[in-house]
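Residue numbers (the UniProt record's numbering): 1 to 620.
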């Protein structure tokens, strides 16, 4: 491992969670206290059911030490007990006053600092003789948010009032933290989302999942606005590899083996940076991160791709903005320079918005896979966790990166009126169907999620200036033709399963209407309706059972009537029915060749013989 100049690596020999694998870490964006030596607060979680809070600082002057490294000092602050199972993710709120933690059981607990009360029963129950005493007393701010399966990721909004939660039950939920009210819920993901990015301008929520898609969602109402999954690329030689002209899947499949897939926005929201980039053509594979400019999110392509040797699964941007370098091209067209970190299973890349290659690279940090990444509020520290059970600290010298830009910049513009007008769902009118069935079961009117615009609601694309060309090793997806793009087409929905049941009726002067569908050939849609009205005085003889069977695959209704009538021919059937019910029998829509009556006779003969129960699914 050879870190670049201005970067120092620390791995303190601390058993953060009793030698257990670490799953998540986060540094508070709010400084702990104002002092000449910055003090930072971090929260950690592991496969244990505990959440722990720590503080660290770099004591002394680095020039006083032989190797130029100031010593790292870590202090234990609190052990939070309340989860029953493994805690997958922990996140500080932007204010630093709250902590959200999600576990395998689907519970998300929001913690706040309370007043220590050693006399309370709960405090006595939580005393662990093997742990140092708590210096901070964290309590639950409200009852936990519950979900049906594992919590995969958590994201706060800017003012720490809203909490977005992704779960393994294929849902994404937005809650108000104080009231606990759920604002909206999305549950139509093909695979569960395992990464959330919150827009700094609070317009969008971006999710990534193992179905190789990235979805952009309206943060106000939860409507899906855009989905990125495929792109068409012209023939190109990229990063020393030849890529033919064809359609590519943009993101890595589920063989990546990471716990999460997290994109991130630039500090001002002008750029969306997405990991898991993977272009595959035969034996050729190109990995990297995608760059999406905010005012071009209504396009079907990213603006550029920066390559990496392995597939990164997480991106975190530095909270600090930097002044633009004069001798480097500003290919993103921003007013400042963005710095971000991308992490793979065993390495870390540091990029900026004016280079087509990493400005920092670290590998072989731990023996086991890396799991999470976090920046400090001042950009001086990067914290990386691993399954090995240890954390790595990277202290950065910002002067080696550039000059921090403290000026205010105008808010970036977004596509108007929206990325893509949300499709209005078609309202289905429920028609009351009588005993006579329709000629066919209509197919479902559900339409698959597409990346294109709705034909009824056009998209207004804002005018944008022509982007500057990127460096030679940057890939820009600017293919003129728009054919062959779009997401996967969902298969046509199957017909609604037919309901079947069994009813028994006795004829006590009650009119019973039944309908038989012709079965000869199965391809004919001609219906024969028989209306039977019972006569008075036949209550002792006419006891019948109507059985509604389902023929799987055809959606065909067949009604078998078992009665005390022994008929073999259509004429015998009519005579026997007349003798039993009088002249009240009427046969409507009769075929000239009596095919409907023959079919009914065959059904009666089959109903008289014992048969095996149907294997079709049934519902009452």
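Where is the CB? At the ideal position from N, CA and C, for every residue including glycine.
query, result
"Cβ neighbours of residue 358 in the same chain (closer than 7 Å, five flanking residues each side left out)", "349, 350, 351"
"Which of helix, strand or coil DSSP assigns to residue 387", "coil"
"Three-state secondary structure assigned by DSSP to residue 363", "strand"
"Test item: CB-CB of residue 269 and residue 193 under 9 Å", "no"
"Cβ neighbour criterion (16 or more within 10 Å) applied to residue 187", "exposed"
"Stretch-stretch touch, CB-based, cutoff 8 Å, three pairs: the segment 78 to 90 with the segment 146 to 153", "yes"
"Cβ pair residue 380, residue 396 closer than 9 Å", "yes"
"Local conformation of residue 85 per DSSP, three classes", "coil"
"Nearest-angstrom beta carbon gap, residue 195 and residue 263 [assumed within contact, 8 Å]", "7 Å"
"Any non-hydrogen atom of the ligand ZN within 8 Å of residue 303 CB", "This structure does not include the ligand ZN; it has no bound ligands of any sort."
"For residue 14, the three-state DSSP class (helix, strand or coil)", "coil"
"Neighbour-count burial assignment, residue 50, 16 or more Cβ in a 10 Å radius", "buried"
"Check whether residue 354 and residue 391 have beta carbons under 9 Å apart", "no"
"C-beta contact flag for residue 405 and residue 323 at 9 Å", "yes"
"Inter-stretch contact at 8 Å, needing at least 3 Cβ pairs: the segment 166 to 185 / the segment 234 to 243", "no"
"Residue 356 beta carbon less than 9 Å from that of residue 373", "no"
"Within 9 Å, strictly: CB atoms of residue 316 and residue 280", "no"
"Local conformation of residue 101 per DSSP, three classes", "strand"
"With 16 other Cβ atoms within 10 Å as the buried cut-off, status of residue 367", "exposed"
"Cβ contact (3+ pairs, closer than 8 Å) linking the segment 280 to 294 and the segment 303 to 318", "yes"
"Residues sharing a beta bridge with residue 307, DSSP", "288"
"Between the CA atoms of residue 27 and residue 135 - distance to the nearest angstrom", "18 Å"
"Contact with chain B by residue 321, beta-carbon distance below 9 Å", "No chain B appears in this structure, which consists of one protein chain only."
"Residues bridged to residue 236 (per DSSP)", "243"
"Terminal residues of the beta strand (DSSP E) in which residue 280 lies", "271 to 281"
"Under 9 Å between C-beta atoms of residue 259 and residue 277", "no"
"Residue 50 (DSSP reduced to helix, strand or coil)", "strand"
"Candidates 71, 313, 310, 341, of which the one nearest residue 320 by Cα", "341"
"Range covered by the alpha helix (DSSP H) that runs through residue 332", "Here residue 332 belongs to no alpha helix (DSSP H), and DSSP marks it neither H nor E."
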